[in-house]
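Participant:
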Amino acid sequence: YPLNGAARKEDSNMDFLQQYLENYYNLAKDTKPFVRRRDGGPVVEKIREMQKFLGLVVTGKLDSDTVEMMHKPRCGVPDVGDFT
Amino acid sequence: TFPGVPKWRKTHLTYRIVDYTLDLPRDAVDSAIEKALNVWKEVTALTFSRTDEGEADIKISFAVRDHGDFSPFDGSGHVLAHAYPPGPGFYGDIHFDDDELWVEDKSGTNLFLVAAHELGHSLGLFHSADPRALMYPVYNRLTDLARFHLSQDDVDGIQFLYGPPPVSPDEPVAPTESVPSGPETPAACDPALSFDAISTLRGEILFFKDRYFWRRSHWSLEFEFHLIATFWPSLPSGLDAAYEVTSKDILFVFKGNQFWAIRGTEVQAGYPKSIHTLGFPATIGKIDAAVSDKEKKKTYFFVGNKYWRFDENNQSMEQGFPRLIADDFPGVEPEVDAAFQEFGFFYFFRGSLQFGFDPNAKMVTHTLKSNDWLYC
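Quick note, the sequences are listed as chains A and B, same order. Counting in the numbering used here, the first sequence tops out at residue 69, every number present. Counting in the numbering used here, the second sequence tops out at residue 995, every number present.
(1) Could you name each continuous alpha helix (DSSP H) segment of 4 residues or more that falls completely within the stretch 21 to 68 of chain A, going from the start of the chain to the end?
(2) Can you give the Cα-Cα distance for P900(B) and K828(B), rounded to whole angstroms?
(3) For F921(B), does the three-state DSSP call read helix, strand or coil?
(4) Against chain B, with Cβ distances strictly below 9 Å, would M54(A) count as a contact?
(5) Which residues in chain B sit within 8 Å of R59(A), going by Cβ to Cβ distance?
(6) Buried or exposed: which applies to G883(B), given that a residue is buried once 16 or more other Cβ atoms fall within 10 Å of its Cβ?
(7) What residue range is occupied by the uninterrupted beta strand (DSSP E) comprising W879(B)?
(8) Near D724(B), what residues of its chain come up, given a Cβ to Cβ distance below 7 Å and the 5 sequence neighbours on each side ignored?
(9) Between the Cα of E843(B) and the Cα atoms of L825(B), A957(B), Y781(B), D749(B), which residue gives the shortest distance?
(10) Going by DSSP in three states, F692(B) sits in which element: helix, strand or coil?
(11) For the candidate residues S726(B), I713(B), A682(B), whose alpha-carbon lies nearest to that of A735(B)?
(12) On a Cα-Cα basis, can you pick out the residue from F689(B), D772(B), L738(B) that is closest to A655(B)?
(13) Using a threshold of 9 Å, state whether the C-beta atoms of Q973(B) and L987(B) are closer than that.
(14) Work out the CA separation of P855(B) and I881(B) for me, nearest whole Å.
(15) Which full runs of the beta strand (DSSP E) of 3+ residues lie inside the stretch 927 to 992 of chain B, going along the chain?
(16) Any beta carbon of chain A sitting closer than 9 Å to that of H985(B)?
(17) Does any residue of chain A have a CB that is nearer than 9 Å to the CB of S853(B)?
(18) Please list the partners that H746(B) has in chain A, where partner means a Cβ-to-Cβ separation under 9 Å.
(19) Looking at the structure shown, is E914(B) part of a helix, part of a strand, or coil, going by DSSP?
(20) For chain A, is any of its Cβ atoms less than 9 Å away from the one on E737(B)?
(21) Between the stretch 693 to 700 of chain B and the stretch 745 to 755 of chain B, are three or more C-beta pairs nearer than 8 Å?
(22) When you compare the CB of P750(B) with every CB in chain A, is at least one pair closer than 9 Å?
(23) Quick check on the burial criterion: 16 or more other C-beta atoms within 10 angstroms. Buried or exposed for C60(A)?
(24) In angstroms with no decimal places, state the Cα-to-Cα distance between G727(B) and D642(B).
(25) Spell out whether any CB of chain A is found under 9 Å from the CB atom of F850(B).
(26) Does the pairing of the stretch 630 to 639 of chain B with the stretch 44 to 63 of chain A give three or more beta-carbon distances under 8 Å?
(27) For T728(B), which residues in chain C fall below 8 Å Cβ to Cβ?
(28) Is the beta carbon of A909(B) less than 9 Å from the beta carbon of Y966(B)?
(29) Is the distance from the Cβ of R835(B) to the Cβ of L846(B) below 9 Å?
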């Protein structure tokens, strides 16, 4: 049960990441599925772009600082690109 | 700026508050919007007038969830508002998410701060990657509302689009001076640089100035420059004094009649406390500087031309104080801005000068520019 819970939390984080990158960093919506990829695919590049823009340490990974920043209240206007 | 650099082709713009949130009285909403408009008006040639009906360049409304623009809000939290770049129709408009709790202070989401940010979009500014900027996309609930000002990045951006404010014919401007472009980041090698407060911290030296501090390490010739809020978001800017008690691994910082205790990046529970809990008389409203003698476990507090001495062992102010600074620290200016102890010396700072004081010889042995520590 705890393992399933952890997995669900990770999936939830990944869904949130996908949505965040689509909304604010112009991630193409057909990039799914991305969360299982460990290479330097477009999502990793977008994470890096987001981390650089927001002044975070650029790791290309969904670390705790990045998740925390993504959950903070913010303006709905994208940081990159335009409204989708 | 937004892609394509959209901007208004006129400098007088109209705005209309189409509807109101129930979270605040109407006049509080009006006031927040006016104040937010003034933020941009002060640094540009732009002017604004309000209209209560019909079309306006900037239409302001509160809405929840789907509100007809294909960018639905998401309930309470996360997305607070959005706005469109300059242009006709819905362009230039601002939508606030009315599922947020809109407030005038910091108890919820501050309407003025969000309005000022969104107006930046309405005028043509895109998001800034500078965390100090109003146009940074993430809401900073710790912004000091009383001392709010645009960052240089905001000012540069808006003046790129609309230029600086016109100079009044009555206002003398020296021919060699540029038009003031708003608040600036302090420059380490500004010959007039003074410091608000200085302290050691875990073997480094911190030089506080306005919202910032320089961080100098013994192990590196480089020094770093940070926002105070980056490390201690709850601390105010413009500190008065700071000192470290190394034996307790605590940094104390002072602003007005309050002080905070910090260990690393953690502000300790129970703070801020009143400076009067240290034993200052009620007539003292702030202190100018503080320095701790690490060996003798005594802390010196400087107020005006006097100083007090605090015993860190007994946690009490010593008898026989205050005394005149000039009597016990001859050669030091009658008042000090900041002080710290290093290499057995006390370093006292006043304006752009610092005085190296040898406590054994009881004399100033060297006088340097304040920013000598920043390799200037």
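Note that the Cβ used here is the ideal one computed from N, Cα and C, for glycine as well.
Facilitator: The short version:
(1) 27 to 38, 49 to 55
(2) 27 Å
(3) strand
(4) yes
(5) H697, V698, L699, P756, V757, Y758
(6) exposed
(7) 877 to 882
(8) none
(9) L825(B)
(10) coil
(11) I713(B)
(12) L738(B)
(13) yes
(14) 13 Å
(15) 957 to 961, 964 to 969, 972 to 977, 982 to 988
(16) no
(17) no
(18) Y9, F38, C60, V62, P63, D64, V65
(19) coil
(20) yes
(21) no
(22) yes
(23) buried
(24) 10 Å
(25) no
(26) no
(27) Of the protein chains in this structure, namely A and B, none is chain C.
(28) no
(29) no
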